[in-house]
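Q: Below is one structure. I have some questions about it.
Protein chains: 2
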Amino acid sequence: MATVTEVTQGHRRTRADRQRERTRRKLIDTGRALIAERGVSGLRIQEITSRADVALGTFYNHFSTKDDLVETVVGETLTEVAAATIPEPEQHIDPAEVVAGAIIRFMGLADRDPDFVRLLLNLSHADVVFATVLYPYARTALERGIEIGRFVIPDLDVSLTAVVGGAFALIREILEGGHKGDVGKAYARHVLVSFGLTPQDAEAAWKSAAARITS
Amino acid sequence: MATVTEVTQGHRRTRADRQRERTRRKLIDTGRALIAERGVSGLRIQEITSRADVALGTFYNHFSTKDDLVETVVGETLTEVAAATIPEPEQHIDPAEVVAGAIIRFMGLADRDPDFVRLLLNLSHADVVFATVLYPYARTALERGIEIGRFVIPDLDVSLTAVVGGAFALIREILEGGHKGDVGKAYARHVLVSFGLTPQDAEAAWKSAAARITS
């Protein structure tokens with residue numbers, strides 16, 4: 001649903017703005033397709049512009065380097081996962097279940113799409129991209145949990161950084177072949193208990209989330 | 001105190017072994033001094049060997065690259081901090097207090113020695129060095145807590161990775177100027193609650209640890 005601000009901005013955007021946005025979109029989509037085909041190391045800027053049918057110099061109107069484009073592609077993919085994972089507040093799903101579900105999905109990424117996760121972890125600013133994209137979604141879920149008395153989190157910023165940093169470290173270890181068993185379940189439990197749930201409550205929230213995701 | 005194994009090994013070590021160990025030690029100490037003087041970026045292998053008074057080629061008998069030496073220096077410094085932080089099990093200090101104290105010290109590193117921490121975070125394998133050095137110490141403290149019923153940690157490996165990964169992410173943010181207030185206290189609380197302590201117990205453990213450290 002478009003907000004008032006978006007509509008207002010839409011009216012203000014000129015034809016040149018829209019053209020510029022389309023070109024940027026084409027570069028990102030082409031970059032993403034090429035990365036999927038042969039990975040980042042084989043990616044050449046000239047190949048992107050050639051396939052997107054724009055001048056080589058145009059690339060630099062939108063991105064400063066190849067890595068800049070790659071970061072954008074990864075950030076967008078991560079945003080899609082986050083948006084699909086975190087339900088809208090008006091759905092009134094238990095915040096504990098929301099957190100468990102998000103953790104299950106993100107930990108699962110390492111199994112479902114190891115190439116993407118490897119790409120993410122090898123970015124020079126992986127942690128920044130990870131944090132920038134995920135913090136707003138995670139913060140919303142946590143704030144709702146605090147509001148309705150489901151979570152006790154005295155320092156939201158510290159907990160947010162700790163939870164995302166921990167997830168990052170675990171995903172890295174999974175990719176490197178460490179950790180057997182259901183890491184997502186164990187980590188969801190660890191996080192929910194750190195938010196003040198009893199182990200039994202954390203277990204129940206994990207089960208509901210897992211059932212909702214696979215249903 | 002030398003163990004039987006060390007003494008046995010000592011008998012078996014030849015003069016050449018001891019000489020080799022002395023040279024390695026000299027390279028590490030010289031590297032550490034030069035890093036302290038002017039940082040890693042200005043560090044040149046030739047300068048290390050020249051000041052340590054060994055042939056340039058000798059460096060490569062001990063380290064494959066400059067970064068290899070830097071990793072060793074950082075790993076040793078981290079080990080010293082860990083060894084000074086974690087008390088011996090026979091001292092029978094409350095494991096919750098041990099964990100809180102370790103977190104206070106490590107978070108405090110970012111304030112006490114930002115140059116060292118920046119060096120640590122900029123290593124290409126920072127997380128590996130961090131984990132390799134800290135896991136054994138942290139594992140000992142956690143296992144004792146589980147043994148005496150102070151901690152409930154169903155999956156020790158997942159919790160270990162999460163706790164160290166979270167600390168890493170927080171230290172990075174502190175260095176980048178984020179997080180106001182006492183991050184060490186907030187994180188110690190978060191971790192201890194994740195280990196099954198009540199917020200009140202976590203608070204008390206933090207206070208004891210802080211008192212012991214400053215006394």
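Protein sequences appear in the order of chains A and B. Numbered per the UniProt record's numbering, the first sequence spans residues 1 to 215. Numbered per the UniProt record's numbering, the second sequence spans residues 1 to 215. All C-beta atoms, glycine included, are put in the ideal place defined by N, C-alpha and C.
1) Go to residue 216 of chain A, then tell me how far its alpha helix (DSSP H) extends in each direction, as first and last residue.
2) Once the 5 residues before and after A:Val164 are set aside, which same chain residues still bring their CB inside 8 angstroms of it?
3) Among the residues of its own chain, which have a CB less than 6 angstroms from the CB of B:Phe59, if the five just before and after it don't count?
4) Does DSSP classify B:Gly196 as helix, strand or coil?
5) Measuring CA to CA, which of B:Thr14, B:Val128, B:Asp127 and B:Asp157 is closest to B:Thr140?
6) Which of the three DSSP states, helix, strand or coil, is assigned to B:Arg20?
7) Could you tell me the distance, in whole angstroms, from the CA atom of B:Thr30 to the CA atom of A:Ala202?
8) Is it the case that the Cβ atoms of A:Ala52 and A:Leu34 are separated by a distance below 7 angstroms?
9) Helix, strand or coil, according to DSSP, for A:Pro136 in the structure here?
10) From B:Leu69 to B:Arg118, what does the alpha carbon distance come to, in whole angstroms?
11) Can you give the Cα-Cα distance for B:Ala204 and A:Ala83, rounded to whole angstroms?
12) Mind checking if A:Leu41 is an interface residue toward chain B, Cβ cutoff 7 angstroms exclusive?
13) Is the Cβ-Cβ distance between B:Thr161 and A:Leu170 less than 7 angstroms?
14) Please confirm if A:Tyr137 has its CB atom under 7 angstroms from at least one CB of chain B.
15) Could you give the distance in angstroms between the alpha-carbon of B:Asp127 and the alpha-carbon of B:Gly75?
16) Residues in the same chain with beta-carbon distance under 6 angstroms from B:Met107, minus the five sequence neighbours each way, listed in chain order, please.
17) Kindly indicate if chain A contains any beta-carbon less than 7 angstroms away from that of B:Thr198.
18) Spell out whether any CB of chain B is found under 7 angstroms from the CB atom of A:Leu170.
19) Under 9 angstroms Cβ-Cβ, which residues of chain A neighbour B:Pro95?
20) Look at the alpha carbon of residue 224 of chain B and the alpha carbon of B:Glu71, and state the distance between them as a whole number of angstroms.
21) Ignoring anything shorter than 4 residues, give me the alpha helix (DSSP H) runs that lie fully in the region 142 to 177 of chain A, in order along the chain.
22) What span of residues does the alpha helix (DSSP H) with A:Ala82 cover, start to end?
23) Less than 7 angstroms separating the beta-carbons of B:Ala209 and B:Ala100?
24) Label A:Ser64 either buried or exposed according to how many other C-beta atoms from any shown protein chain fall within 10 Å of its C-beta, with 16 as the threshold for buried.
25) If you draw a straight line from the alpha carbon of B:Ile153 to that of A:Leu121, how long is it in whole angstroms?
26) From B:Glu88 to A:Leu78, what distance separates their C-alpha atoms?
27) Relative to the alpha-carbon of A:Leu175, which residue among A:Ala211, A:Phe116, A:Arg20 and A:Glu80 has its alpha-carbon at the smallest distance?
28) Return yes when the Cβ of A:Ile103 is within less than 7 angstroms of the Cβ of A:Ala16, no when it is not.
A: Quick answer:
1) Lying before the first or after the last residue shown, residue 216 of chain A is absent from chain A, which here runs from 1 to 215.
2) In the first sequence, the residue the question calls residue 164 of chain A occupies position 164. The residues are Phe130, Ala131, Leu134, Tyr135 and Ala138.
3) Residue 59 of chain B sits at position 59 when you count from the first residue of the second sequence. So the qualifying residues of the chain are Ile45 and Thr49.
4) On the second sequence, position 196 is the one that residue 196 of chain B refers to. Correct three-state label for B:Gly196: coil.
5) The residue given as residue 140 of chain B occupies position 140 in the second sequence. With distances taken between CA atoms, B:Thr140 lies nearest to B:Asp157 out of B:Thr14, B:Val128, B:Asp127 and B:Asp157.
6) The count along the second sequence starts at 1 and reaches residue 20 of chain B at position 20. B:Arg20: helix per DSSP, three-state reduction.
7) Mapped onto the second sequence, residue 30 of chain B falls at position 30. Mapped onto the first sequence, residue 202 of chain A falls at position 202. When rounded, the distance between both Cα atoms is 51 angstroms.
8) As a first step, residue 52 of chain A is located in the first sequence; it is residue number 52 there, counting from the start. As a first step, residue 34 of chain A is located in the first sequence; it is residue number 34 there, counting from the start. Going by C-beta atoms, A:Ala52 is not nearer than 7 angstroms to A:Leu34.
9) Reading the first sequence from its first residue, position 136 is the one you call residue 136 of chain A. Under the three-state reduction of DSSP, A:Pro136 is assigned to helix.
10) For this step, residue 69 of chain B is matched to residue 69 along the second sequence. For this step, residue 118 of chain B is matched to residue 118 along the second sequence. Cα to Cα, the separation comes out at about 16 angstroms.
11) Here residue 204 of chain B refers to the residue found at position 204 when the second sequence is read from its first residue. Here residue 83 of chain A refers to the residue found at position 83 when the first sequence is read from its first residue. Their backbone Cα atoms lie some 39 angstroms apart in a straight line.
12) For the purposes of this step, residue 41 of chain A is taken as the residue at position 41 of the first sequence. The residue asked about is misnamed: residue 41 of chain A is Ser in this sequence, not Leu. Not one chain B Cβ lies under 7 angstroms of A:Ser41.
13) Numbered from 1 along the second sequence, position 161 holds the residue referred to as residue 161 of chain B. Numbered from 1 along the first sequence, position 170 holds the residue referred to as residue 170 of chain A. Yes. Within cutoff.
14) Taking the first residue of the first sequence as 1, we reach residue 137 of chain A at position 137. No, A:Tyr137 does not count as interfacial toward chain B.
15) Looking up residue 127 of chain B in the second sequence gives position 127. Looking up residue 75 of chain B in the second sequence gives position 75. Rounded to whole angstroms, B:Asp127 to B:Gly75 spans 11 angstroms at the Cα level.
16) For the purposes of this step, residue 107 of chain B is identified with residue 107 of the second sequence, where counting begins at 1. Excluding its 5 nearest sequence neighbours in each direction, B:Met107 has C-beta neighbours in its own chain below 6 angstroms: Val183 and Gly184, listed in chain order.
17) Residue numbering aside, residue 198 of chain B sits at position 198 when the second sequence is read from its first letter. Not closer than 7 angstroms to any Cβ of chain A, the Cβ of B:Thr198 fails to qualify, so no.
18) Position 170 of the first sequence, counting from 1, holds the residue named residue 170 of chain A. At least one chain B Cβ lies under 7 angstroms of A:Leu170.
19) Taking the second sequence and counting its residues from 1, one reaches residue 95 of chain B at position 95. Ordered by position in chain A, no residue passes the 9 angstroms Cβ test against B:Pro95, which lies about 17 angstroms from the chain.
20) Outside the displayed span of chain B (1 to 215) sits residue 224 of chain B, for which this structure offers no information.
21) The region 142 to 177 of chain A contains, as complete alpha helix (DSSP H) runs of 4+ residues, the segments 156 to 175 (chain order).
22) Against the first sequence, residue 82 of chain A aligns to sequence position 82. From DSSP, the alpha helix (DSSP H) with A:Ala82 extends over Lys66 to Thr85.
23) The residue given as residue 209 of chain B occupies position 209 in the second sequence. The residue given as residue 100 of chain B occupies position 100 in the second sequence. Cβ atoms of B:Ala209 and B:Ala100: closer than 7 angstroms.
24) For the purposes of this step, residue 64 of chain A is taken as the residue at position 64 of the first sequence. Exposed: under 16 other Cβ atoms inside 10 Å.
25) Mapped onto the second sequence, residue 153 of chain B falls at position 153. Mapped onto the first sequence, residue 121 of chain A falls at position 121. Between B:Ile153 and A:Leu121, the C-alpha separation is close to 28 angstroms.
26) Sequence index remark: in the second sequence, residue 88 of chain B carries index 88 (1-based). Sequence index remark: in the first sequence, residue 78 of chain A carries index 78 (1-based). Taking the straight line joining both Cα atoms gives about 44 angstroms.
27) Within the first sequence, the letter at position 175 stands for residue 175 of chain A. Closest by C-alpha distance to A:Leu175, out of A:Ala211, A:Phe116, A:Arg20 and A:Glu80, is A:Phe116.
28) Locating residue 16 of chain A in the first sequence gives position 16, counting from the first residue. Locating residue 103 of chain A in the first sequence gives position 103, counting from the first residue. If you check the CB distance, A:Ala16 and A:Ile103 do not come in under 7 angstroms.
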